[in-house]
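K.L.:
In my numbering, the protein residues as written are 124 to 491. Think of the CB as a built atom: it goes at the ideal place given N, C-alpha and C, for glycine as much as any other residue. Before I ask anything, here is the structure I am working with.
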């Protein structure tokens, strides 16, 4: 009888230990996003990513999302990760120019972006594999970058027919930074207006045009005001850090957990990049159906644009040097080499989201 009781106690203890071990093995991660839940990055990228991670780990690794700026805005995105408030967040480097100047060196080339899908992949490969300075920069901050995404290509959208140099001259264009410099190069007048104020500015004639993504037509209601669009791309955002952790948090994960995250990163990048593209194409088709005219950039305007772009690499290198970046040309050359590599890959696979994700795994994530 005593032996049976002893066996029962041992079994109960073993069961309790198993339950405790199982509970301890569960990894709960948190993500802070200043974007709303309905935004393409959250809805089409992050949420499916979190669901895949939970499924692949049999529910042992889960993510909790705090969206809409609940944990802070874009300027706090990096600090909330470093302070341990969340495990990851959405970081746009333009808000952290002094903290991560090497990363900013690459994003400063945004005016050259003419294929968001190829540039997006090239940025990920350069950041994670081909830029020792980038790795060291993030390491000094205790951050391990894991995934970056590319937004939609930008275009000139105006309330009048504008697609030649004569037509754009003296027009007021909502633009800033290098877009503003391009506007001046065209003989136009850059107007400093936030995206939130864009519709009203164009409605009231404070701005004749804006430079932005096709998605602006629907998300900001510009299709009610715009009469013409230059379909030739005018740069675009391609370097948003959508997934990262502190080095310490990453080290806390098991090898199996790290592998689950890494295997799901290519689809996260592909889903966001392609969803941005598709969102833009839908907006463009709706605009055409509404009677908005699309034009290629006029020859004289394109020649002026190309002239402007020819100085962007030297401008970026000079700016990086001033910011204290060592050997910035090596950083730029690594990125541009990968851009050409991914142009070739895209020519091979076409606009195939799954094939793109597979290439991201083969060329980048399988090597981490």
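Rounded to the nearest angstrom, what separates residue 312 and residue 296 at their Cα positions?
P.N.:
The count along the chain shown starts at 1 and reaches residue 312 at position 189. The count along the chain shown starts at 1 and reaches residue 296 at position 173. Each residue's Cα considered, the two are about 6 Å apart.
K.L.:
Determine the extent of the alpha helix (DSSP H) in which residue 462 is found, giving its start and end residues.
P.N.:
Looking up residue 462 in the chain shown gives position 339. Note, residue 462: alpha helix (DSSP H), 451-472.
K.L.:
Please determine if the region 380-392 and the region 280-290 are in contact, where contact requires at least 3 C-beta pairs separated by less than 8 Å.
P.N.:
Judged by Cβ distances under 8 Å, the region 380-392 makes no contact with the region 280-290, as fewer than three pairs qualify.
K.L.:
Give every residue of the same chain whose Cβ lies closer than 6 Å to the Cβ of residue 223, excluding the five residues on either side of it in the sequence, and list them in chain order.
P.N.:
Within the chain shown, numbered from 1, the residue matching residue 223 stands at position 100. Closer than 6 Å at the Cβ level, and outside the excluded window around residue 223, lie 216, 260.
K.L.:
Only counting the same chain, and skipping five residues up and downstream in sequence, which positions put a Cβ closer than 6 Å to that of residue 424?
P.N.:
For the purposes of this step, residue 424 is identified with residue 301 of the chain shown, where counting begins at 1. Hits under 6 Å: 287, 288.
K.L.:
Output the distance between the C-alpha atoms of residue 228 and residue 447, rounded to the nearest integer angstrom.
P.N.:
Locating residue 228 in the chain shown gives position 105, where the first residue counts as 1. Locating residue 447 in the chain shown gives position 324, where the first residue counts as 1. Looking at the two C-alpha atoms, the distance is approximately 11 Å.
K.L.:
Using a Cβ-Cβ cutoff of less than 6 Å, which residues in the same chain neighbour residue 145 once the five nearest sequence positions on both sides are dropped?
P.N.:
Within the chain shown, the letter at position 22 stands for residue 145. Its pLDDT being 43, under 50, residue 145 is placed unreliably in this model, and the coordinates cannot settle the point.
K.L.:
Write down every uninterrupted run of the alpha helix (DSSP H) in the region 212-262 whose length is 4 residues or greater and which is fully enclosed by it, in chain order.
P.N.:
The qualifying runs are 224-230, 239-252.
K.L.:
Note the first and the last residue of the continuous beta strand (DSSP E) segment covering residue 155.
P.N.:
Stepping through the chain shown from its first residue, residue 155 is reached at position 32. Segment 150-155, the beta strand (DSSP E) holding residue 155.
K.L.:
Taking residue 397 as the reference, which of 348, 334, 275 has the closest Cα?
P.N.:
As a working mapping, residue 397 is identified with position 274 in the chain shown. If we check each option's Cα against that of residue 397, 275 comes out closest.
K.L.:
Between residue 268 and residue 364, which are expected to be in contact by the criterion C-beta below 8 Å, what is the C-beta distance as a whole number of angstroms?
P.N.:
Numbered from its first residue, the chain shown carries residue 268 at position 145. Numbered from its first residue, the chain shown carries residue 364 at position 241. So it is a contact: roughly 6 Å between Cβ atoms.
K.L.:
So, using beta-carbon positions, are residue 241 and residue 469 closer together than 7 Å?
P.N.:
The sequence position of residue 241 within the chain shown is 118, counting from 1. The sequence position of residue 469 within the chain shown is 346, counting from 1. Taking 7 Å as the Cβ cut-off, residue 241 and residue 469 qualify as a contacting pair.
K.L.:
Helix, strand or coil for residue 476, going by three-state DSSP, please let me know.
P.N.:
The count along the chain shown starts at 1 and reaches residue 476 at position 353. Looking at residue 476 - three-state DSSP - the assignment turns out to be helix.
K.L.:
Candidates 361, 333, 382, 353: which alpha carbon is nearest residue 411's?
P.N.:
For this step, residue 411 is matched to residue 288 along the chain shown. With distances taken between Cα atoms, residue 411 lies closest to 353.
K.L.:
By a C-beta neighbour count over all protein chains shown, 10 Å radius and 16 as the cutoff for buried, is residue 347 buried or exposed?
P.N.:
Mapped onto the chain shown, residue 347 falls at position 224. By the 10 Å Cβ count, residue 347 comes out exposed.
K.L.:
Please report the distance separating the alpha-carbon of residue 266 from that of residue 213.
P.N.:
Your numbering for residue 266 matches position 143 in the chain shown. Your numbering for residue 213 matches position 90 in the chain shown. For residue 266 and residue 213, the distance between alpha carbons rounds to 13 Å.
K.L.:
Which residues in the same chain as residue 180 place their Cβ atom closer than 6 Å to its Cβ, once the five residues preceding and following it in sequence are excluded?
P.N.:
Taking the first residue of the chain shown as 1, we reach residue 180 at position 57. Here the set comprises 383.
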